[in-house]
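Single-structure report; data block below.
Chains as they are written, first to last, in this note's numbering: chain D, 42 to 291; chain P, 42 to 291; chain X, 42 to 291.
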């Protein structure tokens with residue numbers, strides 16, 4: 042099956058569309074964009090172009106099975122693995138390198154020059170400042186803000202690093218350069234002003250260490266809830282889930 | 042007077058428009074949408090379609106006098122009473138049942154499967170998670186977040202309940218499953234980690250009970266300000282205001 | 042060079058475009074809009090119209106060199122000096138008077154009836170309530186909220202005043218009527234519940250005075266970082282920077 046481009050959409054020259062790609066009404070695909078097979082672009086999206094800096098490449102590359110929902114804006118000069126899925130009104134500026142199966146919620150704003158590994162999930166209205174690093178399987182819930190300027194305003198931007206399996210709950214703010222340890226959980230509304238240890242709970246403003254997450258029971262059940270990868274599997278491939286479960290069956 | 046559909050708008054088959062409905066430039070009304078009389082849809086809106094789950098109904102139904110401002114997105118499978126009014130760039134996902142005279146501010150994001158009663162007012166950039174319940178006359182000010190996952194990430198979503206006449210000031214975060222008592226006020230920037238008693242003030246992170254709101258004077262005047270329904274009437278019908286005022290005249 | 046209006050754009054009558062103005066695809070310029078020379082309007086923008094109140098003037102006036110990025114909405118009845126620059130999905134309602142070189146980040150929402158002086162920079166997702174006053178060279182970082190209702194909901198709106206050179210870091214909430222002193226810094230995630238003294242650091246919820254900013258060293262360097270105008274000059278004209286530097290060379 043070939044691509045379906047809505048008659049009102051604008052597709053410039055030098056665009057590569059894979060097989061079975063759909064482009065929604067009133068969307069604009071600018072020169073230098075490459076979209077993988079079986080991808081779907083919603084209405085009112087603008088992909089490519091509008092970068093204002095020198096880049097390694099001005100191409101904007103999406104893997105297969107991308108779903109980009111309406112009113113979203115992606116600048117030239119970024120690269121995404123397969124299975125990107127976005128909500129509405131997402132913005133990603135230039136220079137981002139993202140792995141596979143990235144989810145970006147409605148209104149989320151990635152400022153560019155970020156490194157995002159595989160299976161990262163961001164919910165609505167997350168703000169990711171330039172130079173952020175987000176590792177595999179991390180979760181950023183609604184309204185999370187990753188900052189990058191220790192002495193605002195300044196030229197010395199220092200990005201946040203969010204470790205594998207870490208969870209930032211709703212409204213969390215992480216201060217510049219802080220490291221969120223692997224598998225840690227920062228509770229809703231917390232302001233993380235120092236590094237978070239691996240596998241620990243943090244809460245409050247400024248966030249305090251509430252001890253190992255292994256103490257935290259599941260909701261309504263008397264069994265441990267963390268590491269969450271032993272309990273929550275929705276949307277992850279069987280192969281990955283099998284690996285996770287083999288960690289506890291050993 | 043019949044409907045006015047901008048020539049650039051796209052209206053699919055199986056759409057029911059009431060009398061005197063206007064549809065703005067570049068908007069898309071998908072199959073299964075029903076819009077009541079004297080409604081106005083702004084530019085760049087997409088109404089209907091794009092639901093991804095099984096629903097009781099895929100229809101998207103608006104009562105009379107709806108005003109939906111530009112760049113807004115409503116999924117199929119929700120229902121709104123008369124007098125819905127939105128700001129710009131609003132998103133409402135599937136499965137929401139809303140009463141009359143709902144106001145949704147610019148950028149507000151309702152995640153679906155929510156129950157919203159009458160005369161609820163949300164300001165800009167409010168995030169309403171799935172399974173939230175918001176009762177009559179409640180107010181949610183800019184940036185409020187209602188969460189729903191007590192052990193993120195998990196499958197056990199537990200919605201927030203916001204009681205009648207309750208007020209959540211700017212930037213308030215309510216933790217999963219918490220009940221905001223009738224007529225209570227949660228101060229700006231607070232994180233509500235437990236239930237809020239009726240008619241009380243809460244403030245801080247975590248929010249503390251600051252006592253009955255009846256102690257709080259109006260701004261610049263030495264008289265009680267709460268319950269607010271005895272002082273603030275803008276936009277409510279005379280009949281409702283008369284009922285409120287009869288409570289204190291008795 | 043004359044103006045370039047994309048063939049899909051809609052430009053109503055009674056619009057004044059300067060020389061070398063470009064209007065992007067699917068944008069709408071309503072009657073009463075005046076745009077200065079060498080300005081660039083992105084795609085999916087709606088400028089002018091849709092005001093709902095009586096205004097001194099229904100005109101919407103932009104100075105020269107305006108850059109308005111995609112999906113933005115400006116109501117009639119506001120006025121901007123030269124060099125306005127916005128991110129995507131910005132909203133500005135009626136009655137705002139802004140000076141020159143204003144920057145508004147992606148998703149920022151200015152509610153109208155605000156006074157904004159010169160060289161003010163707002164980052165993404167800032168919410169500026171009605172009646173706010175923001176003085177020269179102030180910075181508002183991502184997610185800042187300026188509130189205006191001391192007894193919500195009420196009719197007595199009292200705007201915030203942000204002083205010259207003041208910096209509100211990410212996620213700061215300022216309570217109604219509070220004055221942010223000249224050159225002060227409110228740290229990320231703080232809730233400012235009282236006035237902030239000039240040149241001081243504030244942090245926490247509620248925000249505490251952390252003393253004079255002159256104590257704060259630059260990141261990685263043992264020299265004072267504040268007042269920031271002696272260290273940070275990106276984007277300011279030479280003449281202004283020279284004035285700032287002459288303050289310390291004297």
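Just so it is clear, CB atoms sit at the ideal spot from N, CA and C, and this is done for glycine as well.
Tell me, please, whether the CB atom of residue i is closer than 8 angstroms to any CB atom in chain X?
i                      : result
residue 148 of chain D : yes
residue 235 of chain P : no
residue 84 of chain P  : yes
residue 274 of chain D : no
Using a Cβ-Cβ cutoff of less than 6 angstroms, which residues in the same chain neighbour residue i once the five nearest sequence positions on both sides are dropped?
i                      : result
residue 220 of chain P : 202, 236
residue 114 of chain X : 87, 132
residue 226 of chain X : 208, 242, 254
residue 168 of chain P : 150, 186
residue 51 of chain D  : 69
residue 230 of chain P : 212
residue 77 of chain P  : 59, 103, 104, 105
residue 179 of chain P : 161, 203, 207
residue 108 of chain P : 81, 126
residue 228 of chain X : 210, 244
residue 57 of chain X  : 75
By a C-beta neighbour count over all protein chains shown, 10 Å radius and 16 as the cutoff for buried, is residue i buried or exposed?
i                      : result
residue 124 of chain X : buried
residue 154 of chain D : buried
residue 48 of chain D  : exposed
residue 357 of chain D : Given a span of 42 to 291 for chain D in the structure shown, any question on residue 357 of chain D remains unanswerable.
residue 45 of chain P  : exposed
residue 278 of chain P : exposed
residue 130 of chain D : buried
residue 190 of chain X : buried
residue 166 of chain P : buried
residue 55 of chain X  : exposed
residue 140 of chain D : buried
residue 111 of chain D : buried
residue 287 of chain D : exposed
residue 289 of chain D : exposed
residue 275 of chain P : exposed
Less than 8 angstroms between the CB atoms is what I'm expecting for residue i and residue j, so what's the real figure, rounded?
i                      : j                      : result
residue 200 of chain P : residue 171 of chain P : 7 angstroms
residue 195 of chain X : residue 273 of chain P : 6 angstroms
residue 240 of chain D : residue 224 of chain D : 5 angstroms
residue 126 of chain D : residue 152 of chain D : Not really, about 20 angstroms apart at Cβ, beyond 8 angstroms.
residue 83 of chain X  : residue 65 of chain X  : 5 angstroms
Measure from the C-beta of residue i to each C-beta in chain D and report whether the shortest distance is under 8 angstroms.
i                      : result
residue 279 of chain X : no
residue 188 of chain P : yes
residue 287 of chain X : no
residue 87 of chain P  : yes
residue 71 of chain P  : no
residue 162 of chain P : no
Counting only beta-carbon separations shorter than 8 angstroms, does residue i have a partner in chain P?
i                      : result
residue 195 of chain X : yes
residue 166 of chain D : yes
residue 116 of chain X : no
residue 66 of chain D  : yes
residue 100 of chain X : no
residue 75 of chain X  : no
residue 138 of chain X : no
Apart from the five residues just before and just after residue i, which ones in its own chain have a Cβ nearer than 8 angstroms to its Cβ?
i                      : result
residue 188 of chain P : 170, 201, 214, 215, 216, 217
residue 79 of chain P  : 59, 60, 61, 62, 105, 106
residue 259 of chain D : 265, 266, 272
Within its chain, find whatever has a CB closer than 7 angstroms to the CB of residue i; leave out the 5 residues flanking it on each side and keep chain order.
i                      : result
residue 282 of chain P : 274
Query raised in the report: Of the residues that make up the segment 220-249 of chain P, which ones have a beta carbon closer than 8 angstroms to any beta carbon in chain D?
Result: 232, 246, 247
Requested in this report: Quick one: which residues of the segment 169-186 of chain D get their C-beta closer than 7 angstroms to a C-beta of chain P? List them in chain order.
Outcome: 180, 182, 183, 184
Query raised in the report: For the segment 42-62 of chain D, which residues have a beta carbon sitting closer than 7 angstroms to at least one beta carbon of chain X?
Result: 51
**Report entry** Residues of the segment 253-271 of chain D whose Cβ lies closer than 9 angstroms to any Cβ of chain X, in chain order
**Finding:** none
Query - Interfacial residues, the segment 198-215 of chain X to chain D, with Cβ spacing under 8 angstroms - result: 208, 210, 211, 212
**Report entry** Selection of the segment 121-133 of chain X by Cβ proximity to chain D, strictly under 8 angstroms
**Finding:** 128, 129, 130
**Report entry** Contact residues within the segment 102-113 of chain P, judged by C-beta distance below 8 angstroms to chain X
**Finding:** 110, 111, 112
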